[in-house]
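Engineer:
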Amino acid sequence: MIVIGIDPGLARVGYGVLRKGERFPAPLTFGCIETGGDRSPPERLLEIHERVSALLDEYDPAWVVLEKLFFSRNVTSAMHVSEARGVILLAAVQRRIPIAEYTPNQIKQAVTGSGRADKHQVQEMMRRLLRLDELPRPDDAADGLAIALCHINMVR
807 MIVIGIDPGL ARVGYGVLRK GERFPAPLTF GCIETGGDRS PPERLLEIHE
857 RVSALLDEYD PAWVVLEKLF FSRNVTSAMH VSEARGVILL AAVQRRIPIA
907 EYTPNQIKQA VTGSGRADKH QVQEMMRRLL RLDELPRPDD AADGLAIALC
957 HINMVR
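Numbering (the numbering used here), first residue to last: 807 to 962.
Laid out in structure tokens, this is it:
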């Protein structure tokens with residue numbers, strides 16, 4: 807089973823692709839989709855949709871898993887994240903790929919044992935649990951891996 811975890815955003819979309827193994831999940835790829843701030847939001851959303859679609863076509867996942875929107879004080883930022891989530895969800899639904907969502911606290915709890923873990927702790931646990939030589943960078947990519955691993959752990 808292949809799972810793609812996605813940490814949505816307008817400027818940066820973190821992703822991690824894991825294959826559920828018999829003993830341990832294996833990372834297939836991870837990284838970030840970065841959109842230039844010099845472009846309009848609709849152009850950035852189109853780029854996110856196209857690049858997420860390419861990932862889905864390449865890896866043909868059994869699940870797309872997203873971090874649920876955490877509504878903060880910055881309404882404009884939350885709106886942009888919501889729009890990015892929308893084009894990511896569209897790409898998955900167009901391919902009839904099931905979608906799961908988890909809160910940031912659920913993800914941190916599942917991969918670190920604490921819902922209050924910081925970004926570095928998540929990176930370090932992804933390095934250890936996925937047997938990576940180095941910390942996954944940037945932290946958005948580590949978040950994508952953590953989201954995918956959270957789902958794999960939930961469906962065991």
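For each residue, glycine too, the CB sits at the ideal point set by N, CA and C.
Where DSSP assigns a beta bridge to G811, which residues make up the other side?
Structural biologist: In the DSSP output, where bridge partners are listed per residue, G811 has G822 and V871.
Engineer: Which of the three DSSP states, helix, strand or coil, is assigned to P904?
Structural biologist: Correct three-state label for P904: coil.
Engineer: Span of the beta strand (DSSP E) holding I918?
Structural biologist: In the sequence as presented, Ile is not what sits at residue 918; that position holds Thr. Looking at the DSSP string, T918 is not in any beta strand (DSSP E); the run it does join, the alpha helix (DSSP H), is P910 to T918.
Engineer: Identify the continuous alpha helix (DSSP H) that holds S828 and give its terminal residues.
Structural biologist: Looking at the sequence itself, residue 828 is Glu, so the reference to Ser does not match. Here E828 belongs to no alpha helix (DSSP H), and DSSP marks it neither H nor E.
Engineer: With distances taken Cα to Cα, identify the nearest neighbour of L895 among V870, T918, N880 and Q915.
Structural biologist: Closest option to L895, Cα to Cα, is V870.
Engineer: Three Cβ pairs or more, each shorter than 8 Å: is that satisfied between the segment 946 to 959 and the segment 841 to 852?
Structural biologist: Contact fails: fewer than three Cβ-Cβ distances are below 8 Å.
Engineer: Can you tell me whether E840 is helix, strand or coil according to DSSP?
Structural biologist: Strand.
Engineer: Quick one: any contact between the segment 932 to 942 and the segment 825 to 833, if contact means 3 or more CB pairs under 8 Å?
Structural biologist: With the cut-off at 8 Å, the segment 932 to 942 and the segment 825 to 833 touch.
Engineer: Taking the alpha-carbon of A948 as reference, which of D924, T882 and P847 has the nearest alpha-carbon?
Structural biologist: Checking every option, the nearest Cα to that of A948 belongs to D924.
Engineer: Is the number of C-beta pairs between the segment 878 to 888 and the segment 856 to 870 that are closer than 8 Å three or more?
Structural biologist: Judged by Cβ distances under 8 Å, the segment 878 to 888 makes no contact with the segment 856 to 870, as fewer than three pairs qualify.
Engineer: Under a Cβ-count criterion, where at least 16 other Cβ atoms within 10 Å of its own Cβ denotes burial, should R829 be classed as buried or exposed?
Structural biologist: The residue is exposed, with fewer than 16 neighbouring Cβ atoms inside 10 Å.
Engineer: Taking 8 Å as the cut-off, decide whether the C-beta atoms of I958 and K826 are in contact.
Structural biologist: Yes, these two residues count as a Cβ contact at 8 Å.
Engineer: Hey, how far is the Cα of A817 from the Cα of Y908?
Structural biologist: Approximately 21 Å, taken between the alpha carbons.
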